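**Student:** First to last, the sequence lines map onto chains A and B.
FYI, in numbering that gives the first Met the number 0 the residues of the first sequence are 0 to 77.
FYI, in numbering that gives the first Met the number 0 the residues of the second sequence are 0 to 379.
Beta carbons: idealized from backbone N, C-alpha and C, even for Gly.
For clarity, every value in this text was computed on a predicted model and none was experimentally measured.
This is the structure, below, for whatever I ask next.
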Amino acid sequence: MDSHSRSDAKLLAAMLLLAPLASGCARAVLPSEKAYLADPIMQFDSDALEASSDAHVMQNREGAAGGTGTAGGGCGCN
Amino acid sequence: MRAAVTYFQEPAPNTALYVVHPQLSYSQDYTDHFGLDVGYDMDVVSGATPQIFGVDVVSSATEFNDVRYNGGLGLRFMTEYATLRVGGGYGGESDYRSGTVSTGVTADLFDRNTQLAVDYTHNFDRVCDASNSASEQLLELRALDSSDPCFDNDSPLTATRKLAIDSVQLSVTQVATPWLLLQFGATGQSVRGFQANPYRQVLLGERAVQEHLPRVRNRLAVYGQAKFALRPIKGAIELGVRGYFDSWAIEGVTTELAYDQYIARPLSIRFRARWHVQDSALFYRDGNDYASSGPVGSYWTGDRELSALFNSVYGAKVSWTARAKDKQFLRFIDAFVVSGKVDLLFYRSLTDNPEFSPNYDRTKGLFDGFVAQLQAGFDF
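The structure is reproduced here in structure tokens:
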């Protein structure tokens, strides 16, 4: 990886990692507004077995590990 | 309860790999404050692997078969706004044993718009190795020939090495708007102990020597992901980025893009693409360089995970969920879930001499890896 493309990739990663902080400026979302977020397709890692087998496959093929996310959170109304 | 079977194949000409991976999980909340999770999975592995990195793969490839099993038990203690998790597991294969203990907590904050999760896991692992003594000269290190006498304290042929792993994961999930969900976090890991593949040898000059890696590796992954609900078409888009760094000088970036769409509720389809690019470890060299110039310092490896590479995954998954409306199925089942998916994997070496990199034999086909998974389950 050349240094230019590495810098671009790091910048993109930093922008996406900082994006959630900007959400703190937004107003709180009310429970009545969470219908879309409650849908199963809005869950992060909603399929635990698939997430587990995917991580198992990739960890044996790449130097990186971790940072794969946490399940749930879709509707925020657990 | 869920059951899944995954078939994985790398159709490399000389180092093909086949894995059948059954999984079973059971999760139940017994009261409002107590839940139980049980999981079990296996890997039935067969294939061929090169024994010596740096020479012709064809002549050094040897066939192998192995079975790995892993079981885990977790307890959940819940209040209205928080969940405490404790658990443990044990896994093994012919040349590896792994015990884990873990704990974690998840808390809902700020009108349940923010979810904070922290998890810690410790691994007590043991690795079978050839009985090289601690005073052995590095260039005299012998590789393990077979797992046959592994974990036999009376065997003069093998020794058991320790490997300790501490992992901490932190994540924050934030409801940003009624159609946007965000998550960011980090995983830190410290690995201490024997980390080499005990069977692998690297050709240093004209001498084949067992792979030799540093005993300590500290790793950090930071990530962010976003999920957008596409309201008019009942779909969702997911975008994720991960940055990775470790003390062996590997730096990597992973991006993932996924799209979910309801075909006709409750039938949905998901397309995903994943790209991962990384540098080599500080001491990695292509096979021809180890053979002609020797190692970098006192470490050498033939592990593809430690080479500069670009991996990509493209896949599709179909899911169907039938939920009971007025009356439960069979008087106790709330929902049936069935899904099937296929992923294609592509590997590309980014080293100076890709034809002497560990992945070269695996990159000669139409695709380099194939995953098929079938899953079924029910909620009660």
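So which residues of chain B does residue 27 of chain A contact, with C-beta pairs closer than 9 Å?
**Tutor:** Going along chain B in sequence order, the residues near residue 27 of chain A (Cβ under 9 Å) are 109, 110, 112 and 174.
**Student:** Please check if any C-beta of chain A sits within less than 8 Å of the C-beta of residue 350 of chain B.
**Tutor:** No, its Cβ sits nowhere closer than 8 Å to a Cβ of chain A.
**Student:** Leaving out five residues on either side along the sequence, give the residues of the same chain with a beta carbon under 7 Å from the beta carbon of residue 92 of chain B.
**Tutor:** Excluding residues within five positions, the ones whose Cβ falls inside 7 Å are 65, 66 and 67.
**Student:** Taking the alpha carbon of residue 93 of chain A as the reference point, which residue from B/220, B/286, B/354 and B/214 has its own alpha carbon closest?
**Tutor:** Any property of residue 93 of chain A remains undetermined from this structure, which presents chain A solely from 0 to 77.
**Student:** Find the residues of chain B that neighbour residue 47 of chain A, judging by a C-beta separation of less than 7 Å, and give them in chain order.
**Tutor:** What residue 47 of chain A touches in chain B: 24.
**Student:** Would you mind working out which of B/43, B/194 and B/42 sits nearest residue 214 of chain B, comparing C-alpha positions?
**Tutor:** Nearest option by C-alpha distance: B/194.
**Student:** Just the C-alpha distance for residue 370 of chain B and residue 11 of chain B, rounded to the nearest angstrom, thanks.
**Tutor:** Using only the alpha carbons, I get a separation of about 14 Å.
**Student:** Just to confirm before moving on: does the CB-CB distance between residue 247 of chain B and residue 207 of chain B stay below 8 Å?
**Tutor:** No, Cβ-Cβ distance for residue 247 of chain B and residue 207 of chain B is not below 8 Å.
**Student:** Strictly by DSSP, which residues pair up with residue 243 of chain B?
**Tutor:** Note: residue 243 of chain B sits in a beta bridge opposite B/220 and B/251.
**Student:** Measuring only between beta-carbons, confirm whether residue 54 of chain A sits less than 8 Å from chain B.
**Tutor:** Not one chain B Cβ lies under 8 Å of residue 54 of chain A.
**Student:** Check the Cβ of residue 340 of chain B against every Cβ in chain A and list those closer than 8 Å, keeping chain order.
**Tutor:** Going along chain A in sequence order, the residues near residue 340 of chain B (Cβ under 8 Å) are 49.
**Student:** Output the distance between the C-alpha atoms of residue 344 of chain B and residue 271 of chain B, rounded to the nearest integer angstrom.
**Tutor:** Each residue's Cα considered, the two are about 12 Å apart.
**Student:** On the premise that residue 44 of chain B lies in contact with residue 85 of chain B, defined as a C-beta separation below 8 Å, what is that separation, rounded to the nearest angstrom?
**Tutor:** With 8 Å as the limit, residue 85 of chain B and residue 44 of chain B do not qualify as a contact, their Cβ atoms being about 31 Å apart.
**Student:** Would you kindly work out how many angstroms separate the C-alpha atoms of residue 284 of chain B and residue 64 of chain A, rounded to a whole number?
**Tutor:** Answer to the nearest angstrom: the Cα atoms are 21 Å apart.
**Student:** Output yes if chain A places a C-beta closer than 8 Å to the C-beta of residue 6 of chain B; else output no.
**Tutor:** For residue 6 of chain B, the answer is no, since every Cβ of chain A falls outside 8 Å of its Cβ.
**Student:** With burial defined as no fewer than 16 other Cβ atoms inside 10 Å of the residue's Cβ, what is the status of residue 298 of chain B: buried or exposed?
**Tutor:** Flag for residue 298 of chain B reads buried.
**Student:** In the DSSP assignment, find the beta strand (DSSP E) that holds residue 48 of chain A and state where it starts and stops.
**Tutor:** Unbroken run through residue 48 of chain A is the alpha helix (DSSP H), 47-58; no beta strand (DSSP E).
**Student:** Can you tell me whether residue 24 of chain A is buried or exposed? The criterion is at least 16 other CB atoms within 10 Å of its CB, across all chains shown.
**Tutor:** In this prediction, residue 24 of chain A has a pLDDT of 49, which is less than 50 and means its spatial position is unreliable; nothing more can be read from the coordinates.
**Student:** Tell me whether the beta-carbon of residue 232 of chain B lies closer than 8 Å to the beta-carbon of residue 258 of chain B.
**Tutor:** Cβ atoms of residue 232 of chain B and residue 258 of chain B: not closer than 8 Å.
**Student:** With residue 312 of chain B and residue 273 of chain B assumed to form a contact (beta carbons below 8 Å), what rounded beta-carbon distance in angstroms separates them?
**Tutor:** Right, their Cβ atoms sit about 4 Å apart.
**Student:** Could you have a look at residue 287 of chain B and say whether DSSP puts it in helix, strand or coil?
**Tutor:** It is helical.
**Student:** Between which two residues does the beta strand (DSSP E) carrying residue 18 of chain B extend?
**Tutor:** Start and end: 16-28.
**Student:** Can you tell which of B/113, B/267 and B/119 has the C-alpha that lies nearest to the C-alpha of residue 181 of chain B?
**Tutor:** Nearest C-alpha to residue 181 of chain B: B/113.
**Student:** Among B/140, B/47 and B/339, which one has its Cα closest to the Cα of residue 201 of chain B?
**Tutor:** Of B/140, B/47 and B/339, the residue nearest in Cα terms is B/140.
**Student:** Using a C-beta to C-beta distance shorter than 7 Å, which residues of chain A count as neighbours of residue 243 of chain B?
**Tutor:** The answer, in chain order, is 63 and 66.
**Student:** Could you spell out the range, first to last residue, of the beta strand (DSSP E) harbouring residue 348 of chain B?
**Tutor:** Note, residue 348 of chain B: beta strand (DSSP E), 334-348.
**Student:** Taking Cβ positions only, does residue 55 of chain B come closer than 8 Å to chain A?
**Tutor:** Not an interface residue.
**Student:** Does the distance from the CB of residue 117 of chain B to the CB of residue 98 of chain B come in under 8 Å?
**Tutor:** Their beta carbons are not under 8 Å apart, which means residue 117 of chain B does not touch residue 98 of chain B by this criterion.
**Student:** Which residues in chain A sit within 7 Å of residue 224 of chain B, going by Cβ to Cβ distance?
**Tutor:** In chain order: 43 and 68.
**Student:** What does DSSP give as the partner residue(s) for residue 328 of chain B in the beta ladder?
**Tutor:** Bridge partners of residue 328 of chain B: B/332.
**Student:** Near residue 40 of chain B, which residues of its chain fall below 6 Å by C-beta distance, leaving aside the five closest residues on each side in sequence?
**Tutor:** Correct list, in chain order: 22 and 69.
**Student:** State yes or no: is the C-beta of residue 109 of chain B within less than 8 Å of the C-beta of residue 357 of chain B?
**Tutor:** In this structure, residue 357 of chain B does not lie closer than 8 Å to residue 109 of chain B by Cβ.
**Student:** What did DSSP end up calling residue 75 of chain B once you bin it into helix, strand or coil?
**Tutor:** Strand.
**Student:** Using a Cβ-Cβ cut-off of 8 Å (strictly less than) and excluding sequence neighbours within five positions of residue 31 of chain B, which residues of its own chain qualify?
**Tutor:** Correct list, in chain order: 77.
**Student:** Should residue 163 of chain B go down as buried or exposed, given a rule of 16 or more other Cβ atoms within 10 Å for buried?
**Tutor:** So residue 163 of chain B ends up on the exposed side.
**Student:** Could you name the residues of the same chain whose beta carbon sits closer than 6 Å to that of residue 175 of chain B, not counting the 5 residues immediately before and after it, in chain order?
**Tutor:** Taken in chain order, the residues that qualify are 181.
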